[in-house]
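First up is the structure itself, then whatever we jot down about it.
Number of protein chains: 4
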Amino acid sequence: MAAVPGRDTSATPLSDGPAPRGRPRDPSRDAAILDAAIELLVEEGYDRLTVERVATMAGAGKATVYRRWNSKAELVMDAVARIKPPLDTLDTGSLDGDLEALTTASCSQHSELANRVMASVASVLAREPELLDTFRTRFTEPRIQLITGMLERARERGELAPDIDIPMAAGLLPSLMLQHVLLTGMSGGREYAERIVGGVLLPALGRPR
Amino acid sequence: MAAVPGRDTSATPLSDGPAPRGRPRDPSRDAAILDAAIELLVEEGYDRLTVERVATMAGAGKATVYRRWNSKAELVMDAVARIKPPLDTLDTGSLDGDLEALTTASCSQHSELANRVMASVASVLAREPELLDTFRTRFTEPRIQLITGMLERARERGELAPDIDIPMAAGLLPSLMLQHVLLTGMSGGREYAERIVGGVLLPALGRPR
Amino acid sequence: MAAVPGRDTSATPLSDGPAPRGRPRDPSRDAAILDAAIELLVEEGYDRLTVERVATMAGAGKATVYRRWNSKAELVMDAVARIKPPLDTLDTGSLDGDLEALTTASCSQHSELANRVMASVASVLAREPELLDTFRTRFTEPRIQLITGMLERARERGELAPDIDIPMAAGLLPSLMLQHVLLTGMSGGREYAERIVGGVLLPALGRPR
Amino acid sequence: MAAVPGRDTSATPLSDGPAPRGRPRDPSRDAAILDAAIELLVEEGYDRLTVERVATMAGAGKATVYRRWNSKAELVMDAVARIKPPLDTLDTGSLDGDLEALTTASCSQHSELANRVMASVASVLAREPELLDTFRTRFTEPRIQLITGMLERARERGELAPDIDIPMAAGLLPSLMLQHVLLTGMSGGREYAERIVGGVLLPALGRPR
DNA sequence: GCCTAACCGAGACGGTACGTCCGGTCTTTTT
DNA sequence: AAAAAGACCGGACGTACCGTCTCGGTTAGGC
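Line by line, the protein sequences give chains R, W, L and F. Oh and the first sequence: position 41 is 44 in this note's numbering, straight run, nothing missing. Oh and the second sequence: position 206 is 209 in this note's numbering, straight run, nothing missing. Oh and the third sequence: position 1 is 4 in this note's numbering, straight run, nothing missing. Oh and the fourth sequence: position 70 is 73 in this note's numbering, straight run, nothing missing.
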């Protein structure tokens, strides 16, 4: 597999080359820089975030940043990819239980942050296909996969009609939550998540209202 | 109604004050500048768009731009607000007919452009509540209103169950289309719009699949 | 003779053309504008003086200024030319008396102002030969002529050796006074003028110290 | 001695402070920028000179210019101060020899250039006392000092009457040469310099014509 | 235990866009 | 037709940021 886009790992190759010489990179700088990037991204948005400030906040020099990432865009993308989904797995044994857990997760502070970041970053994605790919692979798809898995388990248990369009239904909740943050600037809260699940998602899954 | 945010109309007040003195603003400059802004926004994205180039393309001076808008962000926001929805009304007399027209409109080149622009602009909206407001009032809500109207007419005709969550359902199609553009960089095409309508929207409206 | 450079008199021709139609120019605007120009020139210098401010101070519009002068430089030059020498004639009947009067005039507030203005305007003169000509004809030469006349009368009275280089000697006092203002920013005062006359001018005229 | 006004030396202190950190300023940029500034100043004059062009000619960025000087005015002043007098010393052993050398120097191309630059810059000096001070200290006074020294040596040798006003006499030649350039736009040439020395300076020094 | 290469923070470098201001022109209404 | 007012184009100013480079100083090996 190719090297992960958005990250310059030239000095710390996985496949050991001709033996690394010189002082090795300080791995603690990575975390410090990415944390600072996330913080600024959330507080200020993509275009107010400056590499200089990220470096300063991380107690690093600009060169240390650019040694690891080729551009501001790649740095930010990598920072975003670090945001872990709120739930790793989502398996309570029943669709109703899973949906309950999903509802809770969808309105968590963590999810709101993810949505804000997504908004910040949309303009870059729109013109950098490579970064879009990184972003999808490392950020969006894991989240969608969570719901897709949930729905597939439900189908296997016979809780879902066999003709439900699972990939589409899986995108429904995240998409509407993102839309809401984009258009109001605020999280919708648990109330809003419940309204989506009850009013739109369940009917779309062929469940009675 | 209050003055529209994102636009400096100080020299052309709607409510005629103490008689305007001096040379009036040339309204043709507004159109020329906004058109240039939209063109650049679509071609280059928000942060590659420069005010200088917008002005030059419009055959205007930078001062003429900044006399009307206080910043690049406000200019762009106003330009976006000028994008008209592809359909002004959507009334074929039946829900099925309306949905057919909506499907067509949702995957039109025009809608795709609007979604791309929305992506370009999301990062600015995220940190400027005033601009977000302008944007919602003049761009998003008219679009949502179109679908809301359609659904309300359907309900009046008895084509919809009375307990359908219309506002939520109205956001469904645009939200998923935007999501798709954001995450793939391409329009989904008519195919994708049909899949949303058939697989998610109709069920959510309580219609048989 | 050609029209005086630095002044656009096209609408008030000396040689009566095809009879002037419409509203005649308001001659009071000329004075108001030139006065404002002088004031700003002295207070702020040539490059901080703006035509806008001159017009506003004169209670005029910019067009009224540009109808009369073709450029800021010409306006300023014309304003400078309006500064009258402190003494029109200088004839007490004896060289000593004339020199006394000259000394007094040379350190007057009026002369200091003229020198400041000269400093302000030097940079324009250096690259606009036409304006330099206007300036010499209407400002510098009348002043030099005053002293030249004084020295010629002295020679006729036999108070001067016949081989004195009168034009050169005539420039001596103004030149050193200007130099002083240029290099110190302040007038030298009567003391300084007396020192020039006694220590340099009189000896140069072949008079005993 | 205090820091030289008109120059931001904050990053290269003469008195070594707490050890300089980061990449040191490239001294070659100073020279390149100042040379470009002088060239443009002579060719175009003060107000046609633009910082952008200076930077481009020097192969520098605007930031590099503004890191060193706070404004165009300070940059130009510093550039002027770099112009070296055509003669460092002036000592032939006799007053006549020194005067001969001075005459030659006074009508050199170099002196004319200095006078043109002085004219360019006079308007800024008139309103910025700090810059005037820099200018005097680093440009005017060294030149005057040359002649003052010459006259003092002559006095020691007994070639001058003891009551000659040396500072005043020292200013005579440069002042009249500057005046000439200012008022004619051309150098007077050797002829004019000789006329000053023979017709005004020598008599003022009490020497027979 | 020293040598050397690559790291580190700091910050200067070339380039480019921002938003402001001014010169000179043009277009309104009013006189 | 001239007046005041002020919009118009063009272009310079001084600031800020991106991505690169260069300092002095540090931290691993390899010898």
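Using N, Cα and C, we set each Cβ at its ideal position, and we do this for glycine too.
How about residue i: is its C-beta nearer than 8 Å to some C-beta of chain W?
i                : result
Pro30 (chain R)  : no
Thr53 (chain R)  : no
Ala117 (chain R) : no
Tyr49 (chain R)  : yes
Arg130 (chain R) : yes
Pro206 (chain R) : yes
Does the beta carbon of residue i sit closer than 8 Å to a beta carbon anywhere in chain L?
i                : result
Leu179 (chain F) : yes
Leu154 (chain F) : no
Gln182 (chain F) : yes
Arg193 (chain F) : no
Ser126 (chain F) : yes
Asp94 (chain F)  : no
Met4 (chain F)   : With a pLDDT of 48 at Met4 (chain F), under the threshold of 50, the predicted position of this residue should be treated as unreliable, though the coordinate-derived value follows. It does not: the Cβ of Met4 (chain F) has no partner Cβ on chain L nearer than 8 Å.
Leu175 (chain F) : yes
Thr106 (chain F) : no
Ser123 (chain F) : yes
Thr67 (chain F)  : no
Thr225 (chain F) : The question about residue 225 (chain F) has no answer here: the residues shown for chain F are numbered 4 through 212.
Ala172 (chain F) : yes
With the cut-off set at 8 Å, would you say residue i and residue j are in Cβ contact?
i                : j                : result
Ala63 (chain W)  : Ile41 (chain W)  : no
Val57 (chain L)  : Ala34 (chain L)  : no
Ser178 (chain F) : Gln112 (chain L) : no
Ile167 (chain F) : Leu105 (chain F) : no
Asp99 (chain F)  : Arg156 (chain F) : no
Val120 (chain F) : Ile86 (chain F)  : yes
Arg139 (chain W) : Leu186 (chain R) : yes
Leu204 (chain L) : Leu163 (chain L) : no
Ile147 (chain R) : Ala173 (chain R) : yes
Leu116 (chain F) : Val45 (chain F)  : yes
Met206 (chain L) : Ala66 (chain F)  : What sits at residue 206 (chain L) in the sequence shown is Pro, not Met. Going by C-beta atoms, Pro206 (chain L) is not nearer than 8 Å to Ala66 (chain F).
Where does residue i sit, in a helix, a strand or coil, going by DSSP?
i                : result
Thr187 (chain F) : helix
Asn73 (chain R)  : coil
Leu116 (chain F) : helix
Glu47 (chain R)  : helix
Glu197 (chain W) : helix
Gly192 (chain L) : helix
Thr12 (chain R)  : coil
Ile167 (chain W) : coil
Leu176 (chain R) : helix
Leu17 (chain L)  : Unreliable placement is indicated for Leu17 (chain L), whose pLDDT of 49 sits below 50; no coordinate value is reported for it.
Ser97 (chain F)  : coil
Thr1 (chain L)   : The structure shown does not extend to residue 1 (chain L), since chain L spans only 4 to 212, so no value can be given for it.
Leu204 (chain W) : helix
Thr53 (chain F)  : coil
Arg67 (chain L)  : The question names Arg, yet the displayed sequence has Thr at residue 67 (chain L). The answer is helix: DSSP assigns Thr67 (chain L) an H, G or I state.
Ser109 (chain F) : helix
Does residue i get closer than 8 Å to chain R when you measure Cβ to Cβ?
i                : result
Ala40 (chain W)  : no
Thr137 (chain W) : no
Leu186 (chain W) : yes
Ile199 (chain W) : yes
For chain F, is any of its Cβ atoms less than 8 Å away from the one on residue i?
i                : result
Ala196 (chain L) : no
Met80 (chain L)  : no
Measure from the alpha carbon of residue i to the alpha carbon of each residue in the options, then state which is nearest.
i                : options                                   : result
Thr12 (chain R)  : R:Arg71, R:Glu46 and R:Val54              : R:Arg71
Leu128 (chain L) : F:Arg130, F:Ala129 and F:Ala122           : F:Ala122
Tyr195 (chain F) : F:Leu43, F:Pro27 and F:Ala108             : F:Ala108
Glu103 (chain L) : L:Pro206, L:Val200, L:Leu208 and L:Ala207 : L:Val200
Leu90 (chain R)  : R:Pro23, R:Ser114 and R:Thr59             : R:Ser114
Glu131 (chain R) : W:Leu208, W:Thr67 and W:Gly48             : W:Gly48
Ala82 (chain L)  : L:Val54, L:Ser97, L:Thr92 and L:Asp101    : L:Val54
Arg193 (chain R) : R:Arg24, R:Cys110, R:Asp101 and R:Pro23   : R:Cys110
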